[in-house]
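Be aware that the sequence shown starts at 12, since it is given in this note's numbering, and climbs by one per residue.
Built from N, CA and C at the ideal position, the CB exists for glycine as well.
Below is one structure, written out as structure tokens; comments come after it.
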Amino acid sequence: MDAQQTSHSLFEVYLRLRPTNTTSISGDRFLDVDPPEPGESAPKHITLNPPADRRRAIEKFAFTQVFEEDATQLDVFHCTGVASLVEGVLAPYGDGTDALLATLGVTGSGKTHTMLGTRTQRGLTQMSLDLIYRSLGHRVLDPSTYPNLDQSLSASDPAEATILPAIAYLESVYSTDSTTSFLRGSGNGRSTPLQNDSSTPRRFRPSALPQNPDISHLTIACDNSAEYAIVISMYEVYNDRIFDLLSPPVKSAATKEYRRRPLLFKPTELSPDRKVVAGLRKVVCGSLDQALMVLEAGLQERRVAGTESNTQSSRSHGFFVVEVKKRFSLGGQHTGWYGGAGWAGNSLTIVDLAGSERARDTKTVGHTLAEAGKINESLMYLGQCLQMQVSGGKEKANLGLIRRCKLTELLFTNSFPNANNQQQHRNPQKGIMIVTADPHGDFNATSQILRYSALAKEVTVPRQPPLFPPSNSFSSSLPSIGSPNHQYLSFQQTLESAALEISRKEEENAYLRHALDSERSLREQAEAHLLSMEDKMVELEQAIREDCAEEFEKRLELEVNRWKTIVDGERERGEEFWRDKWGVFERMVEADGDVDMDMDVDSPRKEHGGDTTLVETGTMESAADNREMRRQLEALTDKNERLQRKNESLKQALTDKNERLQRENESLKQALTDKNERLQRENESLKQALAACSNPVKSPSRRSPSRSRRKKAQVNYADDDEDDFLQELKRDHNKDREEDMAMEGFGEGNGLSGISGIQQAAAGSPTKKKRIRRLGAKKWGQGLDDDDPF
Ligand SMILES: Nc1ncnc2c1ncn2[C@@H]1O[C@H](COP(=O)(O)OP(=O)(O)OP(=O)(O)O)[C@@H](O)[C@H]1O
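Structure follows, in structure tokens:
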């Protein structure tokens with residue numbers, strides 16, 4: 012068994028043994044470290060001794076190096092060659108390589124201790140960061156000095172990440188304001204190795220970070236013509252999904268819980284040949300302190316839970332990525348790297364895997380049991396991938412195997428040259444795997460991990476007692492080939508091999524049974540969940556149905572009300588229509604006595620007045636109504652024409668009568684004028700007569716009175732009584748006046764009353780006017796009655 016033969020594999024595999032935990036009950040030691048072989052400085056092999064009660068084989072495993080319990084963090088750092096990994100990342104002389112540093116082991120075996128250290132001791136992560144910053148020195152650009160650094164990095168970042176300066180990020184994380192700190196709300200973070208006390212508030216800014224082990228004596232060469240930027244990102248693989256540890260959780264609209272969005276591992280526009288975790292939040296750290304604080308903040312977000320094996324057990328595979336970006340710098344002019352426009356560089360990925368565990372031993376239940384199922388499944392796939400490298404499958408990557416879960420995809424996808432893009436050559440990443448084991452821990456789980464992680468293994472001695480114990484003679488001397496003894500020995504070896512195989516199969520069966528148990532438990536949980544979901548669905552459906560029915564009833568009521576309003580409006584309109592119609596008839600009846608009163612005008616009222624059947628049967632009856640209305644309209648039109656004709660003839664008759672009256676008026680005027688003249692003449696003659704009476708000499712020019720007056724005058728003259736004569740004259744005068752009056756009012760008695768009335772009306776007498784109007788109305792009524800205007 013030679014570990015070196017397989018050292019060109021995906022990983023250098025180291026084994027680190029955890030010291031015995033004095034506080035916990037531990038079992039018998041089942042793992043021994045073989046002493047280094049001649050020429051070797053450190054042990055590389057271990058022997059796995061099954062407990063006495065089990066029929067298992069003794070197995071030997073080979074690793075790149077085995078660290079015993081007394082190995083320090085610094086020993087592990089130096090001997091695993093982390094410095095050479097970092098050197099590949101800094102790439103002082105060429106393109107460099109990406110590096111992967113991972114731990115694998117049973118839960119509680121010391122993975123997190125190795126990678127992240129404790130409150131007093133640094134882990135490999137802190138030491139690696141220290142080495143990077145120490146080596147780059149002043150060439151590391153600080154975003155507070157270069158304000159546009161994060162934007163410049165964003166522009167060339169293949170992961171489509173949001174890049175922000177460390178100070179801004181840390182202020183948001185360690186803010187005293189509860190509303191600005193996204194770390195408050197999520198209660199599943201872990202107390203980090205720097206803060207082992209779980210009761211400590213998680214968001215206080217660590218005041219002191221461990222300084223040991225000190226690696227100040229170490230530095231690595233770097234490219235003096237370049238300037239560097241250190242970009243840190245952190246994510247975890249939980250239940251086979253990737254979550255950013257530096258992004259704040261987002262409140263779900265449905266559940267109102269704060270959750271992180273799962274991210275995709277995929278090729279991007281700037282990285283078509285390599286897959287990257289897209290959409291991460293990355294932080295540019297200008298100093299080691301900033302980087303360590305960001306690491307602390309991210310670790311607080313990682314999912315942990317207390318199990319029987321470990322009070323702070325990681326429930327996810329944690330990824331801490333340090334990207335060392337560099338660009339060519341010439342006299343302060345940033346011209347890009349390798350002729351490109353942006354940044355280039357390599358990354359160091361540090362992975363703290365979740366520990367495999369047996370549910371029976373860790374006594375995990377419920378949610379934690381489901382997590383354990385996923386963890387074990389992903390570790391099983393990881394083991395298969397590691398065995399692929401042991402069997403020499405590095406060149407031909409079994410992509411189907413790698414893509415079975417997110418963990419193996421993340422670990423191995425970029426470990427192989429991309430067949431699709433041979434032109435853009437990029438060095439495959441270098442990997443170091445540190446397997447941690449507790450020699451007093453869980454034998455089955457530990458042996459399983461050792462079996463698939465070891466670079467080589469060998470079954471050495473069957474521990475089972477031989478079925479046919481060899482006799483002393485057999486054991487004392489080797490039998491010759493073909494002899495019965497030799498046959499017996501080979502038969503015995505065959506039996507022993509078979510027994511060994513049986514024991515291995517039993518072990519595998521036990522493991523598979525365990526896997527089956529956990530799967531069954533998961534299935535039961537899933538079924539229970541399904542049932543509860545179905546119940547919820549039924550309840551939800553019921554609630555939705557009730558909501559729908561309620562909504563429907565509301566809408567129905569609204570519709571009914573709307574239609575009622577429409578019907579009421581229609582009925583009112585119908586009533587209004589018939590009222591108008593009835594009004595028209597009434598006016599017609601008033602205006603025209605000839606209106607056919609036999610027309611069944613009451614029928615609409617009887618039929619429709621206030622009865623809702625009007626609207627319901629309105630459509631059918633409207634045609635008949637229209638016909639009736641049309642007939643009535645035609646009758647009205649005829650009547651109107653007849654009335655117009657009557658009006659015309661009346662006008663004509665009035666005009667004729669007026670003309671006749673005017674003529675009569677003229678003749679009367681003439682008669683009055685003549686009479687006036689005659690009276691004036693008589694007056695003159697009377698004046699003369701009067702003068703003659705007062706004068707004894709009668710004037711010969713005295714005018715002759717009228718016949719009657721003349722006769723009276725002659726009589727009176729004969730009496731010669733002046734007073735009597737005057738009385739006579741007055742009587743004559745009064746008589747004349749009465750005659751004149753009679754002449755003026757003769758119309759009433761001799762058929763001229765109409766003329767006098769018209770004249771008086773023309774003079775504005777209200778009495779006469781009234782009489783004319785009354786007469787007119789009477790005539791109008793008579794005209795309407797008998798079609799005869801006069
Ligand atoms: N080499 C070591 N020296 C001292 N203490 C150790 C060592 N390895 C582990 N421990 C202690 O053992 C306990 C469990 O270790 P750790 O949390 O690192 O286990 P883990 O493998 O990460 O477990 P999980 O997978 O459940 O997260 C811790 O208290 C740790 O300090």
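| query | result |
| --- | --- |
| Endpoints, the beta strand (DSSP E) within which residue 243 is located | 237-249 |
| N- and C-terminal bounds of the alpha helix (DSSP H) containing residue 145 | 135-147 |
| DSSP three-state assignment for residue 325, whether helix, strand or coil | strand |
| Beta-carbon proximity check, residue 526 vs residue 387, cutoff 8 Å | yes |
| Cα-Cα separation, residue 108 to residue 157 | 27 Å |
| Cβ-Cβ distance between residue 270 and residue 263 below 8 Å | yes |
| Nearest to residue 231 (by Cα), restricted to the options 97, 383 and 600 | 97 |
| Nearest-angstrom Cα separation, counted from residue 91 out to residue 396 | 21 Å |
| Segment limits, alpha helix (DSSP H) that includes residue 57 | Note, residue 57: premise wrong, no alpha helix (DSSP H); beta strand (DSSP E) at 56-59. |
| Whole-angstrom distance between residue 292 and residue 805, CA atom to CA atom | This structure leaves residue 805 out entirely; the chain is present only between 12 and 801. |
| Inter-residue Cα distance where the pair is residue 552 and residue 558 | 10 Å |
| Which residues DSSP lists as bridging residue 446, in chain order | 26 and 115 |
| Segment limits, beta strand (DSSP E) that includes residue 279 | Looking at the DSSP string, residue 279 is not in any beta strand (DSSP E), and its letter there is neither H nor E. |
| 8 Å Cβ shell around residue 47 - same chain, five flanking residues per side excluded | 53, 54 and 55 |
| For residue 578 and residue 587, the rounded distance between their alpha carbons | 14 Å |
| Span of the alpha helix (DSSP H) around residue 454 | 454-464 |
| Local Cβ density within 10 Å of residue 39, reported as buried at 16 or more and exposed below that | exposed |
| Residues bridged to residue 357 (per DSSP) | 335 |
| Any non-hydrogen atom of ligand 1 within 7 Å of residue 105 CB | no |
| Simplified DSSP assignment, three categories, for residue 413 | helix |
| First through last residue of the beta strand (DSSP E) which encompasses residue 42 | 42-44 |
| Local conformation of residue 530 per DSSP, three classes | helix |
| Coil, strand or helix - residue 535 by DSSP | helix |
| Residues bridged to residue 253 [DSSP beta-bridge criterion] | 248 and 274 |
| Distance cut-off 7 Å: residue 419 Cβ against heavy atoms of ligand 3 | With respect to small molecules bound, the structure shown includes ligand 1 and not ligand 3. |
| Euclidean distance between Cα positions of residue 234 and residue 360 | 21 Å |
| Boundaries (first-last residue) of the alpha helix (DSSP H) holding residue 88 | 84-91 |
| Beta-carbon separation (whole angstroms), residue 141 vs residue 226, contact threshold 8 Å | 6 Å |
| Cβ shell of residue 276 (< 8 Å), same chain only, five flanking positions each side left out | 253, 286, 287, 288, 289, 417, 420, 421 and 424 |
| Whole-Å CB distance - residue 26 paired with residue 77, under 8 Å assumed | 5 Å |
| Local Cβ density within 10 Å of residue 28, reported as buried at 16 or more and exposed below that | buried |
| Which listed residue (62, 71 and 171) has its alpha carbon closest to that of residue 44 | 71 |
| Proximity of residue 170 and residue 279 at Cβ, strictly below 8 Å | yes |
| Residue 29 Cβ short of 7 Å to ligand 1 heavy atom set | yes |
| Proximity winner among 51, 49, 31 and 50, relative to residue 42 (alpha-carbon distances) | 31 |
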